[in-house]
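In the working numbering, the protein residues as written are 3 to 624.
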């Protein structure tokens with residue numbers, strides 16, 4: 003169902019009490035493990051690496067921790083993200099919905115949200131303002147479903163979902179967020195980002211190279227120059243560092259005694275980091291590593307060749323936890339008790355990238371890839387300012403201007419055909435377009451049909467101009483919507499909370515009379531952007547205070563998901579309430595002794611502040 007056709011539904015969370023969960027390791031026959039407790043689940047997302055690691059056959063630099071995880075887990079050979087860049091891809095992971103279905107397909111919609119905002123990758127077309135995607139009312143970030151079922155959920159730290167997640171999504175979100183602070187006996191879902199392989203780190207890091215640039219094999223799509231070899235060597239060096247960071251996290255899990263009884267999911271947020279890798283919906287832009295270590299190393303060393311999509315991660319996490327999978331999800335569980343049938347195809351999309359508009363759709367089966375270009379008059383290459391910091395990108399542009407690029411690279415600057423078809427077994431660099439080859443006519447028709455069917459099934463909104471799409475999200479207004487003020491209603495034994503906004507998530511916490519809020523103190527332990535940039539000495543340059551591992555921070559209040567039950571309050575107790583539909587400004591109220599006070603703004607309100615949508619400096623009705 004699309005953003006524009008979905009009926010307004012109010013999602014109701016129910017706490018699910020489970021005594022036993024059966025875990026089925028995907029792709030490993032009928033073997034299963036039954037646990038008396040729900041498993042912990044750990045998602046570990048590396049940035050921008052595609053499959054350039056030993057477990058996937060690339061031994062350019064040692065990746066012993068990834069390789070060991072693969073020996074203990076299941077290695078998925080055909081995992082793909084729904085976009086070749088982080089924000090749309092992460093939106094697909096966190097919602098289980100295709101970004102083109104919910105309006106999260108443009109890169110990006112929020113500035114300063116997640117690591118790229120820190121790094122400066124927040125460019126917009128002239129006059130286009132930042133906005134939060136308004137999701138359909140029934141759609142949640144999937145960790146909220148886990149929280150409602152009794153999981154303790156944490157994120158450390160990148161979000162970049164194209165929207166501000168409500169306070170009900172995480173028990174804690176930040177560089178000190180950790181499963182370590184959960185109540186005893188509580189299962190947890192923890193999400194970590196390993197940032198050091200991000201595109202920005204190709205220029206930010208200057209560690210000694212882990213590989214001799216002269217010894218590298220240059221990909222067929224690039225010219226063989228010192229600048230290209232230098233960026234390749236830096237890319238592999240960063241991969242080696244990221245592997246060490248993964249090892250640190252795994253050792254922490256083991257030391258805390260939670261490694262063996264947890265589901266460990268290692269993956270990448272999108273494909274490779276280099277030009278003509280990242281942002282593309284080609285194989286090298288969407289193919290990612292995916293390794294899952296099941297509790298106690300069940301089916302360790304197995305290989306699963308099924309197609310897996312990034313939108314499948316959310317239903318799979320819920321399936322592994324024994325939590326009912328909402329019907330709105332467009333992904334399908336590939337493991338756990340609710341495992342679905344194998345996919346026949348995976349899909350991806352490319353739309354606006356920073357200041358540059360395009361529209362490309364991709365369908366892939368086990369061997370062939372089909373692309374449909376809505377803008378065939380445009381070249382494959384886009385003038386993305388952010389990547390001009392890379393020496394190899396500047397070198398490629400210099401050679402292009404001189405007319406001395408090798409043929410494979412020169413192709414990047416030519417205009418696209420309407421359709422492309424590639425045999426990825428014979429042509430891994432996707433240089434031989436088979437769309438006009440009569441010998442592949444049947445495959446072309448098959449994948450073209452699958453493409454059209456998919457766009458209809460998910461309600462692809464990419465054909466709507468971005469200003470008009472945002473206006474529709476805002477209900478035809480020039481300002482973003484706001485969540486209605488929640489009401490606190492007195493009932494026998496306490497109070498209940500109501501919010502008339504369809505799809506609003508409601509969180510609350512109680513400040514007891516005479517007991518002022520005293521924040522817990524949590525220790526920073528992070529491998530994400532803020533700590534890494536601080537360690538590299540960029541904090542002041544980026545306008546943030548330095549932050550290093552080992553620092554101690556005050557933890558924010560923990561918001562409880564309101565499930566409709568009565569909340570008992572004593573005289574003088576203060577009930578803090580935060581209600582927010584995703585994409586709307588949050589509404590916050592404090593309730594004390596029968597009186598309600600509305601606070602001016604809340605988490606999400608700043609990002610969704612009333613900013614008119616402008617095009618070329620004036621309001622646009624296009």
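Note that the Cβ used here is the ideal one computed from N, Cα and C, for glycine as well.
*asked:* Between the alpha carbons of residue 399 and residue 229, how many angstroms are there, rounded?
replied: Rounded to whole angstroms, residue 399 to residue 229 spans 12 Å at the Cα level.
*alpha helix (DSSP H) runs contained entirely in the segment 202–260, provided each spans 4 or more residues*: Taking only runs of at least 4 residues, the alpha helix (DSSP H) segments lying wholly in the segment 202–260 are 203–206, 228–257.
*How would you write the range of the alpha helix (DSSP H) that residue 320 sits in, first residue to last?*
First-last of the alpha helix (DSSP H) with residue 320: 315–323.
*Hey, is residue 442's beta-carbon within less than 8 Å of any beta-carbon in chain B?*
Absent from the structure is chain B; it holds one protein chain and no more.
*Starting from residue 443 and walking both ways along the alpha helix (DSSP H), at which residues does that stretch end?*
Residues 443–460.
_Cβ neighbours of residue 378 in the same chain (closer than 8 Å, five flanking residues each side left out)_ = For residue 378, same chain residues with a beta-carbon under 8 Å away, outside a window of 5 residues either side, are 417, 418, 419, 420 in chain order.
*Residue range of the beta strand (DSSP E) that residue 508 falls in?*
Segment 507–513, the beta strand (DSSP E) holding residue 508.
_Using C-beta distances below 8 Å, list every residue in its chain close to residue 54, excluding the 5 sequence neighbours before and after it, in chain order._
For residue 54, where only same-chain residues beyond five positions count, the Cβ hits under 8 Å are 60, 62, 237, 238, 241, 274.
*Quick one: measure Cβ to Cβ for residue 488 and residue 589, integer angstroms, because I've assumed they're closer than 8 Å.*
Confirmed, about 6 Å.
_Complete beta strand (DSSP E) runs within the segment 132–192 (minimum length 3 residues, chain order)_ = With a minimum length of 3 residues, the continuous beta strand (DSSP E) runs that stay inside the segment 132–192 are 154–158.
_Do residue 387 and residue 356 count as a contact pair if the criterion is CB distance below 8 Å?_
The answer is yes: Cβ separation under 8 Å.
*Alpha carbon to alpha carbon, how far is residue 442 from residue 117? Give it in angstroms, no decimals.*
Because residue 117 sits at a pLDDT of 37, beneath the cut-off of 50, its placement in the model cannot be relied upon, and the point is left open.
*Residue from 79, 80, 88, 46 whose Cα sits closest to the Cα of residue 352*: Comparing C-alpha distances from residue 352 to each of 79, 80, 88, 46 shows the shortest one belongs to 88.
*Residue ranges of each beta strand (DSSP E) run of no fewer than 3 residues wholly in the segment 515–595, ordered along the chain?*
Runs of beta strand (DSSP E) with 3 or more residues, each lying fully within the segment 515–595, are found at 523–525, 554–556, 576–582, 589–594, listed in chain order.
*Report the partner residues of residue 306 according to the DSSP bridge assignment.*
Bridge partners of residue 306 according to DSSP: 78.
_So if DSSP puts residue 600 in a beta bridge, which residue, or which two residues, is it bridged to?_
Listed as beta-bridge partners of residue 600 by DSSP are 591.
*Determine, using beta carbons only, whether residue 168 and residue 582 come nearer to each other than 8 Å.*
The Cβ atoms of residue 168 and residue 582 lie closer than 8 Å to each other.
*Provide the residue span of the alpha helix (DSSP H) that contains residue 94, from first to last.*
Going by DSSP, residue 94 is part of the alpha helix (DSSP H) stretching over 88–97.
*Of all the options 429, 446, 354, which has the alpha carbon lying nearest to the alpha carbon of residue 373?*
Of the candidates 429, 446, 354, the residue whose Cα lies closest to the Cα of residue 373 is 446.
_Would you call the segment 504–522 in contact with the segment 550–569, where contact means no fewer than 3 C-beta pairs closer than 8 Å?_
Cβ pair count under 8 Å is three or more, so yes.
*With C-beta atoms as the reference, is residue 215 less than 8 Å away from residue 231?*
Here residue 215 is near residue 231, since their CB atoms are less than 8 Å apart.
*With distances taken Cα to Cα, identify the nearest neighbour of residue 136 among 484, 514, 576, 523.*
484 is the residue among 484, 514, 576, 523 whose C-alpha sits nearest the C-alpha of residue 136.
_Just to confirm, is the Cβ distance from residue 553 to residue 526 under 8 Å?_
Yes, the Cβ-Cβ distance between residue 553 and residue 526 is below 8 Å.
*DSSP state of residue 498, grouped into three classes?*
It is a strand residue.
*residue 251 classed as buried or exposed, judged by whether at least 16 other C-beta atoms fall within 10 angstroms*: Buried, since its Cβ has 16 or more Cβ neighbours within 10 Å.
*Considering only C-alpha positions, which residue in the set 294, 191, 160 is nearest to residue 69?*
Ranking the options by Cα distance to residue 69, first place goes to 294.
_Opening and closing residue of the alpha helix (DSSP H) in which residue 103 lies_ = Per DSSP, the continuous alpha helix (DSSP H) segment holding residue 103 begins and ends at 101–104.
*asked:* According to DSSP, simplified to helix, strand and coil, what is residue 27?
replied: Bear in mind that the predicted position of residue 27 carries a pLDDT of just 41, short of 50, making it too unreliable to give a figure here.
*CB-CB length for residue 321 against residue 338, believed under 8 Å*: Going by Cβ atoms, the distance from residue 321 to residue 338 rounds to 3 Å, so yes, they are a contact pair.
*On the three-state DSSP scale, how would you describe residue 378?*
The three-state secondary structure of residue 378, taken from DSSP, is coil.
*Is the segment 569–588 in contact with the segment 449–469, if contact means three or more CB pairs nearer than 8 Å?*
No contact exists between the segment 569–588 and the segment 449–469.
*asked:* Would residue 249 and residue 272 qualify as a contact pair, given that the criterion is a beta-carbon distance under 8 Å?
replied: Taking 8 Å as the Cβ cut-off, residue 249 and residue 272 do not qualify as a contacting pair.
*For residue 390, does the count of other Cβ atoms within 10 angstroms reach 16, so buried, or fall short, so exposed?*
By the Cβ-count criterion, residue 390 is exposed, with fewer than 16 other Cβ atoms from all chains shown falling within 10 Å of its own Cβ.
_Could you pull the DSSP bridge partners for residue 42 from this structure?_
Residue 42 pairs with 264.
*What's the call for residue 478, buried or exposed, on a 16-neighbour Cβ count within 10 Å?*
The residue in question, residue 478, is exposed, as its Cβ has fewer than 16 Cβ neighbours within 10 Å.
*Figure out for me which residue from 408, 523, 308 has the closest Cα to the Cα of residue 367.*
Looking at the Cα atoms, 308 is the closest of the given residues.
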